[in-house]
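Following our numbering, the numbering of the sequence shown begins with 1 at its first residue and continues without gaps.
Think of the CB as a built atom: it goes at the ideal place given N, C-alpha and C, for glycine as much as any other residue.
Only a predicted model underlies this, so the values are computations on that prediction, with no experimental measurement involved.
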Amino acid sequence: VERRAAADPEEAAARAAARRRALRPLDVAVGFYLLVLVVSMAASYRPEVSLRAASEIFTLATLVLAPRLVRGERDVRRVVDGMIAVGGLVALWGLAQYLGDYGGLDRRIRGPFSHWMTFSGFLLVCDLLLAAQLFAGRHLRHHRHRRRWPALAWRLLALLAINVALFGSLTRSAWVALGGALVAAAAIAAPRRLLWALPAAVAFVVLAPVPVLGRAWSIFDLSDRSNYDRLCMVEAGLRMIAERPLTGLGPEMVEERYPIYRSPTAPRYETPHLHNSFLQTAAERGLPGLAAYLLLMGLSLAAAWRGYRREGGRAGPRRDLWLGCLLALVAFNLAGLFEHNWGDTEVQRLVLFVMALPFCLGDRAGADGAAER
Numbered sequence: 001v002e003r004r005a006a007a008d009p010e011e012a013a014a015r016a017a018a019r020r021r022a023l024r025p026l027d028v029a030v031g032f033y034l035l036v037l038v039v040s041m042a043a044s045y046r047p048e049v050s051l052r053a054a055s056e057i058f059t060l061a062t063l064v065l066a067p068r069l070v071r072g073e074r075d076v077r078r079v080v081d082g083m084i085a086v087g088g089l090v091a092l093w094g095l096a097q098y099l100g101d102y103g104g105l106d107r108r109i110r111g112p113f114s115h116w117m118t119f120s121g122f123l124l125v126c127d128l129l130l131a132a133q134l135f136a137g138r139h140l141r142h143h144r145h146r147r148r149w150p151a152l153a154w155r156l157l158a159l160l161a162i163n164v165a166l167f168g169s170l171t172r173s174a175w176v177a178l179g180g181a182l183v184a185a186a187a188i189a190a191p192r193r194l195l196w197a198l199p200a201a202v203a204f205v206v207l208a209p210v211p212v213l214g215r216a217w218s219i220f221d222l223s224d225r226s227n228y229d230r231l232c233m234v235e236a237g238l239r240m241i242a243e244r245p246l247t248g249l250g251p252e253m254v255e256e257r258y259p260i261y262r263s264p265t266a267p268r269y270e271t272p273h274l275h276n277s278f279l280q281t282a283a284e285r286g287l288p289g290l291a292a293y294l295l296l297m298g299l300s301l302a303a304a305w306r307g308y309r310r311e312g313g314r315a316g317p318r319r320d321l322w323l324g325c326l327l328a329l330v331a332f333n334l335a336g337l338f339e340h341n342w343g344d345t346e347v348q349r350l351v352l353f354v355m356a357l358p359f360c361l362g363d364r365a366g367a368d369g370a371a372e373r
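Next up, the structure:
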């Protein structure tokens, strides 16, 4: 590539300019997000406390740097495989905790993380990237024949470990997100497979352990204390947004000021966040903050969908990468309806790379050039 660029500097300059144009919408969206963050910190009830949220500036560097440092299909596959491998190890760590004093609802497995929500959020993203490889990868044809079956074998083992750990975490938001993403996968890539949804649900009811089945059934129980508490948080969050719709209360302010807005019947007097990424963002940073978040997500989802369609959909050579990006982001946002996973730094960093993935891949010509390096 370097020799060709030296031989034809005009072509190299044209490609660089085209890449800058392709990344410009993403850079503008990141800039808008950071501007809203700074304004919300400045307008906060306590700017000195909200200033702690400035660390997110460094976290967002992943979204800016990834498309510039990880370029082409080969590099993207290496990073995605690395993420999946780490997810498998994290799952095994969590499963090993069953041997200790873990496993119940009050002592859920959490792997190397401090909270089970972080554990399940991390595994959820890895799970769907892996599922897309197995679902749309046609036995990983990008591998040479002699490496294909070992590559498939370790992925199947990782899939088993990740999903057993995900259900063992008893995290309902991750289960809902996983189910929704798998339905989306079937609708996008193989609509006929939606017919398997009902038999799969019946099999789950018959085969699932009683604690898992009871936990799943509690999703629909409005008398459940946790469910009712989330409804009270929605009510409080809407009050916060109505009071300061343009700048929000300020980052880190929801926890401090929640008792002022809480419903009198709310089970908890205090809460660290509103257990909803969309509501939390709007309450902290106002409606512009929510718009900035949706813009970032929308750009990544739209870029992944265009790439999937442009390269032939189910017949495309990189369909598993495009589909993995779509499914992981859909699942992340579905889980975000019940948990503030965008505020979980370990999960956010993983998701930021997934958001950057469509821009790392670029067009097919760029991927072919990267593969030749």
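Residue i beta carbon near the ligand MN (any heavy atom closer than 7 Å)
{"i": "Ala186", "result": "Within the structure as shown, the ligand MN is missing, as the structure has no ligands at all."}
Reduced DSSP category for residue i - H, G, I as helix; E, B as strand; rest coil
{"i": "Asn227", "result": "helix"}
{"i": "Ile241", "result": "helix"}
{"i": "Ala153", "result": "helix"}
{"i": "Leu334", "result": "helix"}
{"i": "Glu339", "result": "coil"}
{"i": "Glu311", "result": "coil"}
{"i": "Gly103", "result": "coil"}
{"i": "Ala174", "result": "helix"}
{"i": "Arg68", "result": "helix"}
{"i": "Ala131", "result": "helix"}
{"i": "Phe32", "result": "helix"}
{"i": "Thr59", "result": "helix"}
{"i": "Gly289", "result": "helix"}
{"i": "Asp221", "result": "coil"}
{"i": "Asn163", "result": "helix"}
{"i": "Phe278", "result": "helix"}
{"i": "Asp344", "result": "coil"}
Neighbourhood of residue i by C-beta, 6 Å cutoff - its chain only, sequence neighbours within 5 removed
{"i": "Ala356", "result": "Leu63, Ala66 and Pro67"}
{"i": "Pro267", "result": "Arg225 and Asp229"}
{"i": "Thr271", "result": "Tyr258"}
{"i": "Tyr261", "result": "Ala236, Arg239 and Met240"}
{"i": "Arg285", "result": "Val36, Ser40 and Gly248"}
Nearest residue (CA-CA) to residue i, options the options
{"i": "Leu124", "options": "Gly104, Trp149 and Met83", "result": "Met83"}
{"i": "Gly111", "options": "Leu89, Gly286 and Arg244", "result": "Leu89"}
{"i": "Ala187", "options": "Leu166, Pro9 and Leu323", "result": "Leu323"}
{"i": "Arg74", "options": "Asp344, Leu352 and Pro317", "result": "Pro317"}
{"i": "Leu249", "options": "Ala165, Leu37, Leu99 and Leu326", "result": "Leu37"}
{"i": "Asn341", "options": "Leu26, Ala17, Leu274 and Gly87", "result": "Leu274"}
{"i": "Leu86", "options": "Ser44, Leu157, Trp149 and Ala136", "result": "The amino acid occupying residue 86 in the given sequence is Val; Leu does not appear at that position. Among Ser44, Leu157, Trp149 and Ala136, the Cα nearest to that of Val86 belongs to Leu157."}
{"i": "Glu311", "options": "Gln280, Arg285, Thr265 and Pro358", "result": "Pro358"}
{"i": "Leu394", "options": "Leu99, Leu334 and Gly214", "result": "This structure cannot speak to residue 394, because the chain is shown only from 1 to 373."}
{"i": "Thr171", "options": "Glu243, Phe135 and Trp217", "result": "Trp217"}
Proximal residues to residue i (C-beta, below 8 Å), its chain only, five neighbours per side dropped
{"i": "Ala29", "result": "Ala292, Leu295, Leu296 and Leu299"}
{"i": "Leu287", "result": "Ile241, Pro245 and Leu246"}
{"i": "Thr59", "result": "Thr345, Gln348, Arg349 and Leu352"}
C-beta contact flag for residue i and residue j at 8 Å
{"i": "Ala177", "j": "Ala331", "result": "yes"}
{"i": "Phe338", "j": "Asn276", "result": "yes"}
{"i": "Leu128", "j": "Leu327", "result": "yes"}
{"i": "Val133", "j": "Asp320", "result": "Here residue 133 is Gln; the residue named in the question, Val, does not match the sequence. Yes, these two residues count as a Cβ contact at 8 Å."}
{"i": "Ile162", "j": "Ala208", "result": "no"}
Outcome for residue i when other beta-carbon atoms lying within 10 angstroms are tallied against a minimum of 16
{"i": "Val210", "result": "exposed"}
{"i": "Trp116", "result": "buried"}
{"i": "Ala303", "result": "buried"}
{"i": "Thr265", "result": "exposed"}
{"i": "Arg52", "result": "exposed"}
{"i": "Gly72", "result": "buried"}
Same chain only: Cβ atoms within 7 Å of residue i, ignoring 5 sequence neighbours per side
{"i": "Arg107", "result": "Asp101"}
{"i": "Val39", "result": "Thr247"}
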